[in-house]
Ligand SMILES: [Zn+2]
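In our numbering, the protein residues as written are 21 to 455.
Here is the structure:
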């Protein structure tokens, strides 16, 4: 019954008698002076969440199946696996800078150390984990690559599948088509880690600073639970916040990579004052400035337009499309059922302009693109978000004058910090290339 190797399932007391000694059973909820859930780590008082039978249940992870004081979390210890052959078919080549980081990450793992890879957007992070993934698999280990964002998982899946063609990699997210099965290599959203218990020898967490992961205690609890007792972490981030860096100081090795794959510097945002960006779609007069910039950017590249909310995006898109009748454009948000299709249309060059919310802030790559951020001073844009958005530009292919335009009508700390971090990384990259 491999299904429960490192996987936890809620079962009622009556069902436990059919299980042999190879299973571990833990109470799902512990009741002391308060109640704590062993799957998601949430706490609540004894006055809350009581069933009519006087039992308690956990409301915080109920979407993964209800756990109550009647339930046990059942898991099975994985039988030790032997070293094995792993088919690895990557044809690419790492740059010297990538090679250095990749070697260090592997070395750290072999010495039982955790690593944070702090690599700028477009530096080719994925390629740098291939050798450590391969090493873990060759030792008979089990690993997961996890991201808070579904789009990142979806984009990662075919790439990993291609280089490890015999692994039958599993892709798991909320409503993914694939059903869970036991295997060595899993790609999943961080929420899916709630189903695992001491499963992985290596847990790689991509975009560790991305919403909703950052600061979410449930997910932090889940990732701890999902790792084997002697398992190791690799975190990846282009924009680690200071509090993360200081919390990892003692337990992680930090490997920095300031150079992009093609060795061109990060594109520094142009800050353009736009007095009434909030209402610019109300009149042809107010939208003029936006239309003029869009026209100019379209001469060299396709354009992504980031908007602070869905309703704003729809209004802007509607108004702007009057001015560009011969150009195909669309808008996309997290609520969009055709989200994947639209992103693909943009990638295939069918659309020339895509209006979007922060869902496309990270993890996705388009060739020959410029970026506009509407209302860069809006509170939805953190420093990390702005750095990530700017990092969409000039990731791939030949240089095409990709530009980053921040429209704003108030200076914010996030805007200042984002521009400063981009310039700092560019300086560091220059030093690395020169050395
Ligand atoms: Zn829970």
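For glycine and all other residues, C-beta sits at the position ideal for the given N, C-alpha and C.
Quick one: what does DSSP say residue i is sitting in, helix, strand or coil?
i           : result
residue 312 : helix
residue 102 : coil
residue 83  : helix
residue 327 : coil
residue 177 : helix
residue 171 : helix
residue 187 : coil
residue 370 : coil
residue 34  : helix
residue 225 : strand
residue 307 : helix
How would you write the range of the alpha helix (DSSP H) that residue i sits in, first residue to last?
i           : result
residue 343 : 330 to 343
residue 435 : 433 to 454
residue 266 : 262 to 268
residue 145 : 145 to 158
residue 243 : 237 to 246
residue 72  : Where residue 72 is concerned, there is no enclosing alpha helix (DSSP H), given that its DSSP letter is neither H nor E.
residue 123 : 116 to 130
residue 408 : 403 to 410
So residue i packs on residue j, CB below 8 angstroms; how close in whole Å?
i           : j           : result
residue 51  : residue 91  : The Cβ separation is near 13 angstroms, so there is no contact.
residue 162 : residue 26  : 7 angstroms
residue 227 : residue 303 : Between residue 303 and residue 227 the Cβ distance is about 39 angstroms, and since that is not below 8 angstroms, they are no contact.
residue 422 : residue 287 : 6 angstroms
residue 258 : residue 407 : 7 angstroms
residue 324 : residue 380 : 6 angstroms
residue 202 : residue 22  : 4 angstroms
residue 179 : residue 146 : 6 angstroms
residue 373 : residue 314 : 7 angstroms
residue 173 : residue 207 : 5 angstroms
residue 435 : residue 397 : 6 angstroms
Sort the options by Cα distance to residue i and report the nearest one.
i           : options               : result
residue 40  : 342, 67 and 97        : 97
residue 209 : 363, 183 and 242      : 242
residue 67  : 80, 53, 61 and 57     : 53
residue 399 : 429, 279 and 83       : 429
residue 386 : 401, 396 and 362      : 362
residue 222 : 211, 236, 245 and 200 : 245
residue 186 : 195, 204 and 171      : 204
residue 182 : 197, 194 and 110      : 110
residue 215 : 153, 254, 85 and 32   : 85
residue 61  : 238, 351 and 311      : 238
residue 83  : 99, 59, 102 and 148   : 59
residue 131 : 253, 353 and 37       : 253
residue 247 : 433, 390, 103 and 134 : 134
In the DSSP assignment, the beta strand (DSSP E) including residue i goes from what residue to what residue?
i           : result
residue 394 : Premise fails: residue 394 is in no beta strand (DSSP E) and is neither H nor E.
residue 134 : 134 to 139
residue 164 : 163 to 167
residue 27  : Segment: none, residue 27 is in no beta strand (DSSP E) and carries neither H nor E.
residue 350 : 349 to 352
residue 46  : 43 to 47
How about residue i: is its C-beta nearer than 8 angstroms to some C-beta of chain D?
i          : result
residue 86 : Looking at the structure shown, chain D is missing, and only one protein chain is on hand.
Subject >> Closer than 6 angstroms to ligand 1: residues, by C-beta to nearest heavy atom, in chain order >> reply: Qualifying residues come out as 57, 59, 60, 62, 78, 80, 81 and 87.
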